[in-house]
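> Below you will find the structure I want to go over with you.
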Amino acid sequence: MTKERRGFFELILATFLFSLFGVFTRLISDYLGVFFQLLLRTLIMAILFSVFAWITRNIKKINKHDLCLLIFRGLLVVIDFSCFYIAVNHLQLGLALFLFYAANVIISFLFGSMFLKEKMNTAKYISISLALLGLFVMYKDSFVGVKMLPSLAALISGSCFGLTASTSKKLTDKYSSWQVNFIGYLTAFLLVIPVLFISRESFTFNLPILTWIELLGFASVGAGAFYLTLNGFNHLEAQKASIIMLAELIFVVLIGFLFYSEVPTLNTFLGGLLILSALLIPNLNIKLIKLR
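Residue numbers 386 to 677, in the numbering used here, belong to the letters of the sequence shown in order.
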């Protein structure tokens, strides 16, 4: 299997795991506040990443020039989650998701061009156009009650997610995905502690056993998703990888239909087809170039 094809399938699997986040959030939201949930989840994920880094013997001494970027990625995780929480609670969900994913794709394309020297071509122009059009078609009915600050929060959240994934390409050629994620999520955990107290969110460790099991499952799925994301971005250009990440929306629709009786609308079908075309075009182009 080629490196590009491996990266493609790793990201598809990652997006499936990301699509499960909503399921776990529904399961534990009655017992855990937003920031307390994030605190516990980042701690468990940091522990999981450290264990696998140790088991696989993929731990290297950190170059001081890379330390700032590793810590910066942890800050991005906290900003991403906090801004996304603001957006989804003050905007229609469809509008929040549109702004999030649009910002994610655009920032990844810009970062790839400016800092990773990735070149644009016809397939990429078509792909990003179809992706943004698909997002618009899928969520255009939600473009009502636009509020400036929550909309800005959604854009910041999507930009942070795009930067978190794209900047990993500067690190995963030197360190394992386990180690990069460990430092990022350890940093995020330490940063969430003051945020939790500033927010004055109530919390308790006296939780039902089932809630702890669900939280552990949530963190494990998150660890798998972010490990696969970093690996996928390492094997592909950031621009192509960011488009593939939109497959999460297709999985979300399928999960909603299969488990929550949420029937997709015509716009959802059309938007999903456009997004599916967008993520396939540049990756099919890889094979066409190799056949010539």
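Here a beta-carbon is modelled for each residue, glycine too, at the ideal position from N, C-alpha and C.
Pairs of beta-carbons, one from the segment 525-539 and one from the segment 505-517, closer than 8 Å: are there three or more?
No, they do not touch.
> With distance defined between alpha-carbon atoms, name the residue in 561, 417, 399, 395 nearest to residue 595.
Of the candidates 561, 417, 399, 395, the one whose C-alpha sits nearest the C-alpha of residue 595 is 417.
> CA-CA distance, residue 630 and residue 547?
One C-alpha to the other measures close to 10 Å.
> From this set, 439, 618, 643, which residue's C-alpha is nearest residue 388's C-alpha?
The shortest C-alpha separation from residue 388 is found at 618.
> Can at least three beta-carbon pairs, one atom from the segment 426-444 and one from the segment 564-574, be found at a separation below 8 Å?
With the cut-off at 8 Å, the segment 426-444 and the segment 564-574 touch.
> Given a threshold of 16 other Cβ atoms within 10 Å of its Cβ, counted over all protein chains shown, does residue 439 qualify as buried or as exposed?
With fewer than 16 Cβ atoms within 10 Å of its Cβ, residue 439 is classed as exposed.
> Alpha carbon to alpha carbon, what distance is there between residue 666 and residue 401?
Using only the alpha carbons, I get a separation of about 20 Å.
> Check whether the segment 442-449 touches the segment 481-496, counting contact only when three or more Cβ pairs, one atom from each stretch, lie closer than 8 Å.
With the cut-off at 8 Å, the segment 442-449 and the segment 481-496 do not touch.
> Quick one: using the 10 Å Cβ neighbour count with 16 as the cut-off for buried, is residue 606 buried or exposed?
With 16 or more other Cβ atoms within 10 Å, it is buried.
> Is it the case that the Cβ atoms of residue 396 and residue 608 are separated by a distance below 7 Å?
Cβ distance not < 7 Å, so residue 396 and residue 608 don't count as in contact.
> Compute the Euclidean distance between the alpha carbons of residue 590 and residue 639, then round it to the nearest angstrom.
If I take the Cα positions, the gap works out to 34 Å.
> Helix or strand or just coil, what does DSSP make of residue 416?
Residue state, collapsed to three classes: coil.
> Nearest CA to the CA of residue 452: which residue from 527, 555, 488, 612?
The option with the nearest alpha carbon to residue 452 is 555.
> Assign residue 560 to buried or exposed, taking buried as 16 or more other Cβ atoms, counted over all protein chains shown, within 10 Å of its Cβ.
Looking at its Cβ environment, which holds 16 or more other Cβ atoms inside 10 Å, residue 560 is buried.
> Taking the continuous alpha helix (DSSP H) assigned at residue 507, which residues delimit it?
Run containing residue 507: 507-524, per the alpha helix (DSSP H) assignment.
> Going by C-alpha distance, which of 603, 571, 623 is nearest residue 457?
With distances taken between Cα atoms, residue 457 lies closest to 571.
> What does the alpha-carbon distance come out to for the pair residue 542 and residue 588?
Whole-angstrom Cα-Cα distance: 25 Å.
> Would you mind sorting residue 603 into buried or exposed? The rule is 16 or more other CB atoms within 10 Å of its CB.
Flag for residue 603 reads buried.
> Residue 624 to residue 461, Cα distance in whole Å?
Cα-Cα distance, rounded: 19 Å.
> In three-state terms, what does DSSP make of residue 621?
Three-state DSSP puts residue 621 in coil, outside helix and strand.
> Along the chain, where does the alpha helix (DSSP H) that runs through residue 477 open and close?
Residue 477 -> no alpha helix (DSSP H), and no H or E assigned at all.
> At what residues does the alpha helix (DSSP H) containing residue 552 begin and finish?
Residue 552 -> alpha helix (DSSP H) spans 533-552.
> Mind checking whether residue 398 and residue 613 have CB atoms under 7 Å apart?
In contact: residue 398 and residue 613 (Cβ atoms closer than 7 Å).
> Under 7 Å Cβ to Cβ from residue 592, same chain only, skipping five residues before and after it: list those, please.
Closer than 7 Å at the Cβ level, and outside the excluded window around residue 592, lie 416.
> Pick helix, strand or coil for residue 558, following the three-state DSSP scheme.
Reduced to three states, the DSSP call for residue 558 is coil.
> Report the three-state DSSP secondary structure of residue 660 (helix, strand or coil).
Reduced to three states, the DSSP call for residue 660 is helix.
> Among the candidates 622, 662, 634, 641, whose CA atom is the shortest distance from the CA of residue 390?
Selected option, being the one with the closest Cα: 622.
> What three-state label does DSSP hand residue 650 in the structure shown?
The answer is coil: DSSP assigns residue 650 none of H, G, I, E or B.
> Sort 386, 394, 650, 425 by Cα distance to residue 524 and report the nearest one.
Measuring from the Cα of residue 524, the nearest candidate turns out to be 650.
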